[in-house]
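Trainee:
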Amino acid sequence: QQQVKQSPQSLIVQKGGISIINCAYENTAFDYFPWYQQFPGKGPALLIAIRPDVSEKKEGRFTISFNKSAKQFSLHIMDSQPGDSATYFCAASKYPSNTGKLIFGQGTTLQVKP
Amino acid sequence: EPEVTQTPSHQVTQMGQEVILRCVPISNHLYFYWYRQILGQKVEFLVSFYNNEISEKSEIFDDQFSVERPDGSNFTLKIRSTKLEDSAMYFCASRAGQLTQYFGPGTRLTVL
Numbered sequence: 055q056q057q058v059k060q061s062p063q064s065l066i067v068q069k070g071g072i073s074i075i076n077c078a079y080e081n082t083a084f085d086y087f088p089w090y091q092q093f094p095g096k097g098p099a100l101l102i103a104i105r106p107d108v109s110e111k112k113e114g115r116f117t118i119s120f121n122k123s124a125k126q127f128s129l130h131i132m133d134s135q136p137g138d139s140a141t142y143f144c145a146a147s148k149y150p151s152n153t154g155k156l157i158f159g160q161g162t163t164l165q166v167k168p
Numbered sequence: 707e708p709e710v711t712q713t714p715s716h717q718v719t720q721m722g723q724e725v726i727l728r729c730v731p732i733s734n735h736l737y738f739y740w741y742r743q744i745l746g747q748k749v750e751f752l753v754s755f756y757n758n759e760i761s762e763k764s765e766i767f768d769d770q771f772s773v774e775r776p777d778g779s780n781f782t783l784k785i786r787s788t789k790l791e792d793s794a795m796y797f798c799a800s801r802a803g804q805l806t807q808y809f810g811p812g813t814r815l816t817v818l
């Protein structure tokens, strides 16, 4: 019930292409879905996040699509760049909460080839 | 821009020894977290801390672990008697009242 499943495990995309990473959750109480980007040797950094009251959120080249009925959400990176090469984690949480702990997916290693 | 800092960046210890990992959260934040990431695996929640007490802990956070906010700025994670399987990257995170959690750069703990 607490799991967040993420796919694919790794992804190779050509520069300028679209990168798509998918996540699925089980707990319908989750109501906050962030994506984190992590470079080697660094901590995760928030990239973009969505609440279930909207089906899509776009920030620059990054878009989250959210399907509440299917309990799935995905990250789309348009015009992928070599600098986007990193590990991406989806996560889920329940708010409001005195904890707000994040449940992370397994991560996707993205490589963007020049 | 304010950031979460962690020290040390790398800690090597012998099995059975005590370690203390230190974090300085962002100054006006109210909620504090520890997560860990075993090499190549996902980030896992350990514990959350609010209003000077633990608000939630995971199954991983057993009696060997403790957290403390000894003053107005530091947030520490203590492992009393380290095991080989405690080897991981430990991340501190903090947030204000809104949703975003900000992560520190992590402490790599190696238990020999």
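If you read the protein sequences in the order shown, they are chains A and B. Each residue of the first sequence is one higher than the one before, starting from 55 at the first, in my numbering. Each residue of the second sequence is one higher than the one before, starting from 707 at the first, in my numbering. From the three backbone atoms N, C-alpha and C, an ideal C-beta is built for every residue, glycine too. All figures in this text were calculated on a predicted structure; none of them were measured in a lab.
Give the secondary structure of Leu790(B) by DSSP, where H, G and I count as helix, E and B as strand, and everything else as coil.
Mentor: Here residue 790(B) is taken as the residue at index 84 of the second sequence, counted from 1. Leu790(B) falls in the helix class under three-state DSSP.
Trainee: Using a Cβ-Cβ cut-off of 7 Å, state whether Thr806(B) counts as contacting chain A.
Mentor: Your numbering for residue 806(B) matches position 100 in the second sequence. It does: the Cβ of Thr806(B) has a partner Cβ on chain A nearer than 7 Å.
Trainee: Which value, in whole angstroms, describes the spacing of the CA atoms of Asn734(B) and Val710(B)?
Mentor: Taking the first residue of the second sequence as position 1, residue 734(B) is located at position 28. Taking the first residue of the second sequence as position 1, residue 710(B) is located at position 4. Between Asn734(B) and Val710(B), the C-alpha separation is close to 11 Å.
Trainee: What residue from Val58(A), Gln57(A), Val67(A) has the CA that sits closest to Val166(A)'s CA?
Mentor: Position 112 of the first sequence, counting from 1, holds the residue named residue 166(A). Looking at the Cα atoms, Val67(A) is the closest of the given residues.
Trainee: Just checking my contact of Glu724(B) with Ile785(B) at CB under 8 Å: how many whole Å lie between their CB atoms?
Mentor: Position 18 of the second sequence, counted from the start, is the residue given in the question as residue 724(B). Position 79 of the second sequence, counted from the start, is the residue given in the question as residue 785(B). Indeed, because the Cβ distance is near 7 Å, the residues count as touching under 8 Å.
Trainee: How should Lys112(A) be labelled, buried or exposed, when 16 other C-beta atoms within 10 angstroms of its C-beta is the threshold for buried?
Mentor: Start at 1 with the first residue of the first sequence, and residue 112(A) comes out as number 58. Label assigned to Lys112(A): exposed.
Trainee: Suppose the cutoff is 7 Å on Cβ atoms and the five residues either side in sequence are ignored; what does the same chain contact list for Tyr741(B) look like?
Mentor: The residue you call residue 741(B) lines up with position 35 of the second sequence. Hits under 7 Å: Val749, Glu750, Phe751, Leu752, Phe797, Ala799.
Trainee: 7 Å is my cut-off, CB to CB: does Glu774(B) come that close to chain A?
Mentor: Position 68 of the second sequence holds residue 774(B). For Glu774(B), the answer is no, since every Cβ of chain A falls outside 7 Å of its Cβ.
Trainee: Report buried or exposed for Thr872(B), applying the criterion of at least 16 other Cβ atoms within 10 angstroms of its Cβ.
Mentor: Any question about residue 872(B) goes unanswered here, given that chain B covers just 707 to 818.
Trainee: How is Pro88(A) classed by DSSP in three states: helix, strand or coil?
Mentor: On the first sequence, residue 88(A) is found 34 positions in, with the first residue counted as 1. Of the three classes helix, strand and coil, the one that applies to Pro88(A) here is strand, per DSSP.
Trainee: What separation, rounded to the nearest whole angstrom, lies between the Cα atoms of Arg814(B) and Ser134(A)?
Mentor: Position 108 of the second sequence, counted from the first residue, corresponds to residue 814(B). Position 80 of the first sequence, counted from the first residue, corresponds to residue 134(A). Approximately 30 Å, taken between the alpha carbons.
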